[in-house]
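**Student:** Add 78 to the 1-based position in the sequence shown for this note's numbering, that's all there is to it.
Glycine included, C-beta positions come from ideal geometry on N, C-alpha and C.
Below is one structure. I have some questions about it.
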Amino acid sequence: MTVGTYAELASVFAALSDETRWEILTELGRSDQSASSLATRLPVSRQAIAKHLTALQACGLVESVKVGREIRYRALGAELNKTARTLERIGAEWDRRLEAIKEIAESMEE
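Structure, rendered in structure tokens:
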């Protein structure tokens, strides 16, 4: 795993660490929506929604799409999938390390 990948993971986790961003992402998973539309569904101001959308866009979880005069946002599953695959690789690496430790420990008992 490269330093860039760690930074990307940290960026995604930082964005997802906020409950409101999770709610926004969930709403956008249902349908593309404008910041104003999201503000009517969530208990935060439109300005706060805009700031959260900027954070989600910065790490690639959301993109904006112009529809007429309105800007709508959509969730991008690709970044979440990439994050999940990276976590699976990290988990598999730890499983291999733990198995090696177990084998060493068991060989020392003999």
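1) Have a look at residue 119 and residue 156 and give me their C-alpha separation to the nearest angstrom.
2) Could you give the DSSP three-state label for residue 152: helix, strand or coil?
3) What does a CB cutoff of less than 6 Å around residue 81 pick up in its chain, not counting 5 residues either side in sequence?
4) In the DSSP assignment, the alpha helix (DSSP H) including residue 142 goes from what residue to what residue?
5) For the segment 137-147 against the segment 82-95, do three or more pairs of beta-carbon atoms, one drawn from each stretch, fall closer than 8 Å, so that the two count as touching?
6) From the DSSP output, in three-state form, read off residue 95 for me.
7) Taking a contact to mean a Cβ-Cβ separation below 8 Å, would you say residue 103 touches residue 134 in this structure?
8) Relative to the C-alpha of residue 149, which candidate in 116, 158, 123, 172 has its C-alpha closest?
9) Would you tell me roughly how many angstroms separate the C-alpha atoms of residue 160 and residue 151, rounded to the nearest one?
**Tutor:** Looking at the coordinates:
1) 25 Å
2) strand
3) Note on residue 81: pLDDT 47, under 50, position unreliable in the model; the coordinate value appears next. Counting only Cβ-Cβ distances below 6 Å, and skipping sequence neighbours, we find nothing.
4) Note, residue 142: premise wrong, no alpha helix (DSSP H); beta strand (DSSP E) at 140-145.
5) yes
6) coil
7) yes
8) 116
9) 20 Å
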